[in-house]
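What follows is one structure encoded as C-alpha cells, with my remarks underneath.
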Amino acid sequence: MSDTAKAPAPAGRAAAKKELPEHLKAYKHVWIFIEQERGQVHPVSWELMGAGRILADKLGVDLAAVVVGARGEATQAVVRESFNYGADLAYLVADDILANYRNESYTKALTDLVNAYQPEILLLGATNLGRDLAGSVATTLLTGLTADCTELDVDAEGSLAATRPTFGGSLLCTIFTLNYRPQMATVRPRVMPMPDRVERPLGRVVEHPLGMVEDDIVTKVLSFLPDRDSTKSNLAFADVVVAGGLGLGSPENFQLIRQLAAAIGAEFGCSRPLVQKGWVSSDRQIGQTGKTIRPKLYIAAGISGAIQHRVGVEGADYIVAINTDKNAPIFDFAHVGIVTDAVRLLPALTEAFSKRLSPHQRDRLAS
Amino acid sequence: MHIVVCMKQVPDSAQIRVHPVTNTIMRQGVPTIINPYDLFAIEEALRIRQQFGGEVTILTMGPPSAEDSLRKALSFGADRAVLLTDRFFAGADTLATTYALATAIRKIGKEFGPPDIVFTGKQTIDGDTAQVGPGVAKRLGLIQLTYVSHIDKVDLDAGTIDVERRSEGGVQKLRSKMPCLISILEGVNEIRIGSLTDALKAARATIIKWSAQDAGVEDIAKCGLRGSPTIVKRVFAPKPRAEKAEFIELGDKPGDAFVEELFKRRPKLEAELEQLTRGY
Numbered sequence: 027m028s029d030t031a032k033a034p035a036p037a038g039r040a041a042a043k044k045e046l047p048e049h050l051k052a053y054k055h056v057w058i059f060i061e062q063e064r065g066q067v068h069p070v071s072w073e074l075m076g077a078g079r080i081l082a083d084k085l086g087v088d089l090a091a092v093v094v095g096a097r098g099e100a101t102q103a104v105v106r107e108s109f110n111y112g113a114d115l116a117y118l119v120a121d122d123i124l125a126n127y128r129n130e131s132y133t134k135a136l137t138d139l140v141n142a143y144q145p146e147i148l149l150l151g152a153t154n155l156g157r158d159l160a161g162s163v164a165t166t167l168l169t170g171l172t173a174d175c176t177e178l179d180v181d182a183e184g185s186l187a188a189t190r191p192t193f194g195g196s197l198l199c200t201i202f203t204l205n206y207r208p209q210m211a212t213v214r215p216r217v218m219p220m221p222d223r224v225e226r227p228l229g230r231v232v233e234h235p236l237g238m239v240e241d242d243i244v245t246k247v248l249s250f251l252p253d254r255d256s257t258k259s260n261l262a263f264a265d266v267v268v269a270g271g272l273g274l275g276s277p278e279n280f281q282l283i284r285q286l287a288a289a290i291g292a293e294f295g296c297s298r299p300l301v302q303k304g305w306v307s308s309d310r311q312i313g314q315t316g317k318t319i320r321p322k323l324y325i326a327a328g329i330s331g332a333i334q335h336r337v338g339v340e341g342a343d344y345i346v347a348i349n350t351d352k353n354a355p356i357f358d359f360a361h362v363g364i365v366t367d368a369v370r371l372l373p374a375l376t377e378a379f380s381k382r383l384s385p386h387q388r389d390r391l392a393s
Numbered sequence: 051m052h053i054v055v056c057m058k059q060v061p062d063s064a065q066i067r068v069h070p071v072t073n074t075i076m077r078q079g080v081p082t083i084i085n086p087y088d089l090f091a092i093e094e095a096l097r098i099r100q101q102f103g104g105e106v107t108i109l110t111m112g113p114p115s116a117e118d119s120l121r122k123a124l125s126f127g128a129d130r131a132v133l134l135t136d137r138f139f140a141g142a143d144t145l146a147t148t149y150a151l152a153t154a155i156r157k158i159g160k161e162f163g164p165p166d167i168v169f170t171g172k173q174t175i176d177g178d179t180a181q182v183g184p185g186v187a188k189r190l191g192l193i194q195l196t197y198v199s200h201i202d203k204v205d206l207d208a209g210t211i212d213v214e215r216r217s218e219g220g221v222q223k224l225r226s227k228m229p230c231l232i233s234i235l236e237g238v239n240e241i242r243i244g245s246l247t248d249a250l251k252a253a254r255a256t257i258i259k260w261s262a263q264d265a266g267v268e269d270i271a272k273c274g275l276r277g278s279p280t281i282v283k284r285v286f287a288p289k290p291r292a293e294k295a296e297f298i299e300l301g302d303k304p305g306d307a308f309v310e311e312l313f314k315r316r317p318k319l320e321a322e323l324e325q326l327t328r329g330y
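This is the structure in C-alpha cells:
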C-alpha cells in the first residue's frame, strides 16, 4: 500500500476548517497538465490554461504548463506552444518511454514533479487519459481530487472552489480541499472557453528526469488503432447542433432530428434518457456525462432541460428550445422558446431551412 | 482464478434531498439499483470464470440495505458477496472510499485467496467521478487498466493479460500482468439472466458483512467523512437565468416564420448556415 503520506493532516473533522499544516504552506502556483498523445495536444489542456490563468492572477502566482512525453521535436513544440497559451513557465519530463501513455510511467512523472516543485493547484482534463492519471496521482499523494468540474474559482482565503454537478446532475456542489496539497481537479473538454492564442517567446523550462527504465513498467503497448474519422462524431466542436429528447415520443421520430441537422449542416445529439433507452448511441449524448458543446446555434427539441443537460449546453451562443410544456426548465436558459410539439414542428423547419438555404446548392450543381 | 468485482448500490432517481446541516446526500426513501455501469463488470467477471474456472466475489461498501443489490449480483451467478458496512464509512469521498475498499480487498485475499483481477465499472451514475477504480489500484499496488473495451487474451501460465483500452483518439492494445484492476467500458457485454438455481441460491445465501474492524481497518481516521480530504461546502440548485426564454408564436406557416425570426435575431447565422450546407 502506498501510504507514503508525509505528516498527517489535522485530526478529527479538520477538513471542514482551513488549518493547512506547516509543511504544505510552501505549495504555490497553478499547474495545468498538458495532455498530448502522439504529438497532438488535447484542446481541453488549452482550455484549462485559460481557466488556470484566471486562478493564478487572482492568487498572484505563476501559471505553469506540465508537459510529459517522448524526447524530441514534437514534445518541444508542445512546450513552446504552452507559452502561447499563457504559461509563465513549463515543467518538462521527456523520456522515450513516455511516447505512449501508460499509467505507471505518467503517474511517476507527474507525482515526482509535484513532490519536487509543489504546486497548490493541479488541473487536468477529464478525458480517459486525465481521469486515469488523476486518480492515481491523487491517491499516491493522498490529496483531494474533484472530478468533472464545471466552474473553478478561488475563495477569499485563497482555496480552490471547485463546482460540479452531483447526483446525475440534479444538483450542483462546491467542493474544497482545504488542508491537503495540491488541490486537484479535472474539467471536461469544452466546459471552459478556449483562450486566445498569442505568439510569445519561450519562457523558463524546468526539466525533470523520469527516473524509470522500460523494464520498470509492467504494461506494454502492443499497438494503437486510431479511430477512423468517419466513425467520430464531431459534436463537441460543431458550430450548429440539433438535439432531441424524450418529447420526441418514439425512436422513429429521432429521424426528424437527423433530417433537420442535415438540412442546416449541423451535428445531431440527444439528451441522456434517449441513450439509456438505447434509441441513440452514447457518443451522441449531450450533457454532463456526455459531450459538452459550444455551438453558435443549438436547437433543443423535446428536451426538458435537466441540470445534467444544461451544464453541457450553457456555452452555446444561442439556444432555441422547442417543448410542449411552457414550464419546462429548458426555457430557463434558452434564448428563444417555442411552445409546441417538436414532432410536428421539426419537418416544417427542415423544409423551410432547405428552401431558404438551397439556392446555393443549385448554384453549386450548375457550375 | 479469483475475481473480485467492486460494485455500488445507487439511487434510481433524481429525487435527491440534501441534509441541511452536513450538506451530505440523504439516501433514505429513494429506490436503489446496482450501478448500471457495474453490470458490465459483473458480466465480464462471470465470463472469465466460465473460461478459466475459479470464483467471483462481489464487494460493496454501503448501508445495510445494500444487501439487496448484493443478492441481485449473486443471482447472476457470483460465488460470494461481501458488504462493507459501518457508520465510520459514511460521508467518504473518493480517497476515503478507496482506503476502505482496498482494505477489504486485502482481507478478501487473505480469507478466500488473493484476487487475480479486480473489476470495476467505468464510473457510478451518482458520483460520476471514475476515480475510485484508479485509487483502489494504486493503494493495492495493482496494475491499472481503465476503459477496457475488450479482453483479448488471458495467459494463466505466463500471468499476462491482453486488453483493448479506449483512449481519446483510438484504441490501445496493451499487454499487462495480473494481478490487475480493470475498469470495464459500458456496452461491451450484456448482463445475463441468472439461472433458476442461482436465483434460489442467492435468496438463501449468507451475505458476508464486515464492519471497519472486521475488514481490518487500522486507522478509522482514514475512513468516511474524517478521512476525506475534500469537503462539500455547498450543495445547491442552479440559479435560473435572470431573463427566461423569449417565447415566439409561429402562426400557420411555422417553418418559414421560424427561419424569418431566427435570422432577424441572429443575422450572422444565415451566412454561417449557408456556408455549412454548401458542403452537402
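Here the protein sequences line up with chains R and A, keeping their order. This note's numbering numbers the first residue of the first sequence as 27 and each following residue consecutively. This note's numbering numbers the first residue of the second sequence as 51 and each following residue consecutively. Even for Gly, the Cβ is constructed at its ideal location relative to N, Cα and C.
Look at R/Val266 here: in three-state DSSP terms it is strand.
Between the C-alpha atoms of A/Leu195 and A/Ser217 there is a straight-line separation of about 11 Å. In the displayed model, A/His52 falls within a strand according to three-state DSSP. Taking the Cα positions, A/Leu192 is about 32 Å away from R/Thr200. Under a criterion of Cβ atoms nearer than 8 Å, no residue of chain A is adjacent to R/Pro219; the nearest Cβ is some 18 Å distant. By the criterion of a C-beta distance shorter than 8 Å, R/Asp174 is surrounded in its chain by Ala152, Arg190, Pro191, Thr212, Val213, Arg214, Gln314, once the five residues flanking it on both sides are discounted. For A/Pro304, the residues of chain R that pass the 9 Å Cβ criterion are Ile364, Thr366, Arg370, Leu371, Ala374, Leu375, Ala378, in the order they occur in the chain. In the DSSP assignment, A/Asp212 falls within the beta strand (DSSP E) that extends over 210-217. Annotated three-state conformation of R/Val247 is strand, per DSSP. For a Cβ distance threshold of 9 Å, residue set Ser217, Gly219, Gly220, Val221, Gln222, Lys223 of chain A lies close to R/Phe250, ordered along the chain. Out of A/Phe313, A/Leu134, A/Ile83, the CA that lies nearest to the CA of A/Thr174 is found in A/Ile83.
CA-to-CA, the gap between R/Glu293 and R/Gln311 works out to about 12 Å.
Under a 10 Å Cβ-count criterion, R/Asp83 is classified as exposed, with fewer than 16 other Cβ atoms of the shown protein chains found around its own Cβ. If the five residues before and after R/Ser308 are omitted, its C-beta is found closer than 8 Å to the C-beta atoms of Val301, Gly316, all from its own chain and listed in chain order.
Close to chain A, meaning a Cβ-Cβ distance shorter than 9 Å, are the following residues of the segment 103-134 of chain R: Asn126, Tyr127, Arg128, Asn129, Glu130, Thr133. For A/Ser233, the three-state secondary structure derived from DSSP is strand.
Scanning its chain for C-beta atoms nearer than 6 Å, with the 5 sequence neighbours on each side dropped, one finds around A/Gly244 the residues Ser125, Phe126, Gly127, in chain order. Between R/Ser330 and chain A, the shortest Cβ-Cβ separation is not below 8 Å. Separation of R/Ile60 and R/Val92 (C-alpha to C-alpha, rounded to the nearest whole angstrom) is 6 Å. In the three-state DSSP reduction, A/Thr110 falls in the strand class (E or B). For R/Thr366 and R/Asp358, the gap between their C-alpha atoms comes out near 16 Å.
Residue range 69-85 is occupied by the alpha helix (DSSP H) that includes R/Trp72. Within the segment 289-300 of chain R, Ala289, Ile290, Gly291, Ala292 place their CB atoms closer than 9 Å to a CB of chain A, listed in sequence order.
In terms of Cβ geometry, R/His335 and R/Ser276 do not form a close pair [threshold 8 Å]. R/Gln209 counts as buried, since no fewer than 16 other beta carbons sit within 10 angstroms of its beta carbon. Taking a C-beta distance under 8 Å as the contact criterion, A/Asn239 and A/Glu105 do not qualify as a contact pair.
Along the length of the segment 103-173 of chain R, whole alpha helix (DSSP H) runs at least 4 residues long occupy 129-143, 154-167, reported in chain order. Residues of chain R whose Cβ lies closer than 7 Å to the Cβ of A/Val309 are, in chain order, Ala378, Phe379, Arg382. Taking a Cβ-Cβ cut-off of 9 Å, R/Lys303 has no neighbours in chain A, whose nearest Cβ is about 13 Å from it.
Chain A places a beta carbon closer than 8 Å to that of R/Ala42, counting this residue as a contact. DSSP places A/Gly305 inside the alpha helix (DSSP H), whose first and last residues are 304-315. In terms of Cβ geometry, R/Val217 and R/Thr318 form a close pair [threshold 8 Å]. Neighbours of R/Ser71 across chain A, judged by C-beta separation under 7 Å, do not exist; the nearest C-beta is about 11 Å away. Around the C-beta of R/Thr172, 16 or more other C-beta atoms lie within 10 Å, and the residue is accordingly described as buried.
For A/Lys188, the neighbours in chain R by C-beta distance under 7 Å run, in chain order, Ser28, Ser162, Thr165, Thr166. At a cut-off of 8 Å, the C-beta of R/Ser308 has a neighbouring C-beta in chain A.
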